[in-house]
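Just so we're aligned: 107 in full-length UniProt numbering is position 107 of the sequence shown, and the numbers increase by one with no gaps anywhere. We put the beta carbon where it would ideally sit given N, CA and C, even for glycine. The structure appears below as structure tokens.
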Amino acid sequence: MRAAYPPSTPMPRGFGKPPRRDNRPSTAMAQAAELLDLGLVLHRQGRLAEAIVRYGQALDFQADYVEAHFALGLALQARGEGEEAIHHFQRAIELRSYYTDAHFALGTALQEQRDFEGALGCYQRTLAIEPEYVKAHNNLGAVQRELGNLDDAIASYRRALALEPDYLEAHNNLGVVLRERGQLEEAALCFKRAFQLQPDFAEAYYNLGLLLHSQQKLAEAISVYRTALIIKGDLVEARVNLAHALQASGQGDAAIEEHRRAVELAPALAEAHCGLGNALRDAGRLAEAAECYAEALRLKPDYAEARHYLAAVGGAPTPAMTDPDYVAALFDEYAERFDRHLTGELAYRAPELLVGAVQAATPHTEGLLNVLDLGCGTGLCGPLLRPLAQRLVGMDLSAKMIGKARARGVYDDLAVGEMTEWLGRHHDAFDLIVAADVFTYVGDLAAVFAAAALTLVPGGVLACSVEAGEAGYTLLPNGRYAHALDYVHKEAAAAALVAVSTERAILRTERGRAVEGWIVVLRSLR
């Protein structure tokens with residue numbers, strides 16, 4: 001879920017006031033000043049093309065006219081001509097190094113170009129000249145957030161609010177960062193303060209909706225999203241997330257309708273088409289879902305999620321595995337609610353089943369093994385594996401999942417990486433590898449089994465869970481792979497891994513249905 005981030009007003013303070021002018025008595029200067037004044041009038045009327053002409057004419061008369069460079073930069077920026085705007089802001093600063101508004105405006109232009117390091121420097125220079133420039137503190141917070149410096153972003157927003165307590169954008173922006181930091185109660189207060197200050201501030205309602213949604217307070221989130229849309233019906237992000245909340249609360253038909261509205265509002269937005277595809281897929285309308293995924297891919301050819309689910313609903317060949325970048329992004333987003341969802345809503349049992357099977361296959365090894373928790377996620381297996389381990393290592397594709405696993409304090413080491421590549425760099429390193437609910441994102445097991453066999457010491461053990469499939473490997477409509485047991489044994493044998501035990505088991509429940517699979521323990525024959 002993406003937070004709305006209202007742009008700070010790019011127009012520096014004082015725009016439209018009489019410009020500061022060079023005091024040299026000159027006909028050229030007088031003509032330049034008149035042209036600048038005319039440009040400012042046109043600019044305020046929204047007649048940007050005409051204003052740009054007048055500013056250019058002013059500079060023809062007086063090439064070093066600071067205010068004309070500045071005003072021309074603003075007009076070009078408003079027209080979307082960012083590179084040219086940057087040139088004129090830089091020229092204004094060259095001519096007047098202490099020109100705070102020009103430093104600020106250059107920062108906004110660089111920020112729009114996603115040059116966050118450059119924008120950071122501009123806002124810092126603005127504040128070095130004028131420490132109480134409130135909008136610079138707010139924008140500094142925005143670029144610090146983009147750069148991942150959340151503590152610094154929070155400090156900048158708090159400084160903006162100390163200077164201007166009713167600065168509603170800063171309240172909203174502070175709430176976004178606090179939500180990302182998990183400080184949900186204070187974040188909610190920020191959003192509420194923002195729409196108290198401006199009751200029609202749709203983005204603040206939307207961001208509060210995201211917060212409630214992340215807490216699985218679906219009824220409240222739905223209500224708040226609807227309020228945002230009453231205020232601003234074309235807020236596509238709110239429409240899409242309303243649809244997600246409706247889907248999660250079991251209101252599938254309503255979710256499809258909201259997704260359709262999002263597509264109507266933003267027909268060129270690939271994510272809207274993919275969202276509609278997901279809702280149709282959940283409703284079992286696979287052919288319609290395939291059309292949506294195909295359109296999403298037409299709009300965004302590198303869209304991994306749409307490509308994956310197009311194959312899952314039968315609209316494309318089955319890939320050998322899920323795109324690792326998609327898996328990483330999926331679980332980064334899932335990290336906050338992962339444990340609650342799996343253990344609470346899905347009655348997830350794979351960790352306990354796997355550890356029980358390992359203990360049966362490797363008796364009298366407590367505290368003696370070098371253990372790898374492959375695809376460890378948030379570390380649900382960690383506390384169960386710790387008694388077996390002399391050394392316990394976890395690895396996962398998702399950095400945020402690894403962060404949650406680290407907080408458990410049970411692992412000796414943790415790593416982020418793609419599992420087959422990571423295994424390939426750690427030969428003869430582990431006595432035991434456990435992969436709980438990992439191969440549901442891998443179809444073709446040949447490569448990962450071969451890599452795992454080399455990572456195990458001779459006689460080492462690989463224990464894994466797989467969802468039960470009919471033949472070979474199958475990509476199910478839910479986007480997960482299922483494997484036939486004979487296929488698992490065949491690929492294991494090819495990697496010199498022999499089955500020690502196999503047990504049919506219920507791994508979890510999904511929408512009230514038991515999901516059956518296999519708990520498989522393999523031993524290396526090397």
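For residue i, the nearest candidate out of the options (CA to CA)
i: residue 541; options: 66, 415, 71 and 67; result: Not covered by the structure: residue 541. The range shown for the chain is 1 to 526.
i: residue 273; options: 28, 210, 297 and 526; result: 297
i: residue 351; options: 361, 226 and 381; result: 381
i: residue 168; options: 203, 414 and 232; result: 203
i: residue 145; options: 276, 115, 506 and 177; result: 177
i: residue 369; options: 170, 430 and 361; result: 430
i: residue 486; options: 471, 477 and 494; result: 471
i: residue 103; options: 88, 113 and 31; result: 88
i: residue 124; options: 96, 148, 461 and 153; result: 153
i: residue 329; options: 449, 82 and 377; result: 377
i: residue 142; options: 130, 113 and 174; result: 174
i: residue 255; options: 268, 226 and 353; result: 226
i: residue 509; options: 448, 438, 347 and 474; result: 347
i: residue 318; options: 197, 408 and 480; result: 480
i: residue 499; options: 478, 474, 512 and 459; result: 459
i: residue 64; options: 74, 308, 28 and 200; result: 28
i: residue 56; options: 44, 46, 45 and 34; result: 34
i: residue 334; options: 37, 383 and 398; result: 398
i: residue 188; options: 160, 163, 162 and 220; result: 220
i: residue 426; options: 450, 36, 355 and 40; result: 450
i: residue 525; options: 476, 505, 462 and 76; result: 462
i: residue 257; options: 268, 278 and 47; result: 278
i: residue 165; options: 491, 194 and 269; result: 194
i: residue 315; options: 435, 434, 229 and 476; result: 476
i: residue 136; options: 288, 484 and 101; result: 101
Reduced DSSP secondary structure (H/G/I, E/B, other) of residue i
i: residue 473; result: strand
i: residue 510; result: strand
i: residue 351; result: helix
i: residue 234; result: coil
i: residue 502; result: strand
i: residue 415; result: strand
i: residue 364; result: coil
i: residue 167; result: coil
i: residue 22; result: Confidence is the limiting factor: at residue 22 the pLDDT is only 48, short of 50, which leaves the residue's position unreliable and the question unanswerable from this model.
i: residue 81; result: coil
i: residue 303; result: coil
i: residue 47; result: coil
i: residue 525; result: coil
i: residue 268; result: coil
i: residue 517; result: strand
i: residue 466; result: strand
i: residue 370; result: strand
i: residue 309; result: helix
i: residue 71; result: helix
i: residue 481; result: strand
i: residue 297; result: helix
i: residue 497; result: strand
i: residue 61; result: helix
i: residue 252; result: helix
Whole-number beta carbon distance between residue j and residue i, since they are thought to touch under 8 Å
i: residue 231; j: residue 205; result: 7 Å
i: residue 209; j: residue 241; result: 6 Å
i: residue 488; j: residue 501; result: No, residue 488 and residue 501 are not in contact; Cβ-Cβ is about 13 Å, not under 8 Å.
i: residue 395; j: residue 367; result: The pair is not a contact, with the Cβ atoms about 21 Å apart (cut-off 8 Å).
i: residue 275; j: residue 262; result: 7 Å
i: residue 74; j: residue 90; result: About 14 Å separates the two Cβ atoms, so there is no contact after all.
i: residue 32; j: residue 85; result: Rounded, the Cβ-Cβ distance is 20 Å, inconsistent with contact.
*May I have a chain-ordered list of the alpha helix (DSSP H) segments no shorter than 4 residues that lie completely inside the UniProt repeat "TPR" (100 to 133)?*
100 to 112 and 116 to 129
*Evaluate contact between the segment 509 to 518 and the segment 464 to 471, counting only Cβ atoms and requiring at least three cross-stretch pairs below 8 Å.*
yes
*Pairing CB atoms from the segment 415 to 426 with CB atoms from the segment 451 to 459, are three or more of them under 8 Å?*
yes
*Do the segment 319 to 330 and the segment 290 to 309 make contact, defined as three or more Cβ pairs closer than 8 Å?*
yes
*Touch check for the segment 357 to 373 and the segment 288 to 295: three-plus C-beta pairs under 8 Å?*
no
*asked:* Please give me, in chain order, every unbroken run of the beta strand (DSSP E) with length at least 3 that falls completely inside the UniProt domain "Methyltransferase type 11" (372 to 464).
replied: 389 to 396, 413 to 416 and 430 to 435
*Mind the definition here: the segment 112 to 122 touches the segment 135 to 151 only if three or more C-beta pairs lie below 8 Å; say whether that holds.*
yes
*Would you call the segment 434 to 444 and the segment 405 to 413 in contact, with 3 or more CB pairs under 8 Å?*
no
*What are the start and end residues of each continuous alpha helix (DSSP H) run of 4 or more residues lying completely inside the UniProt repeat "TPR" (202 to 235), in chain order?*
202 to 214 and 218 to 231
_Measuring CB atoms only, is the segment 400 to 409 touching the segment 489 to 498, in the sense that at least three cross pairs come out at less than 8 Å?_
no
*Within the UniProt repeat "TPR" (134 to 167), note down every full beta strand (DSSP E) run reaching 3 residues or more, in order along the chain.*
none
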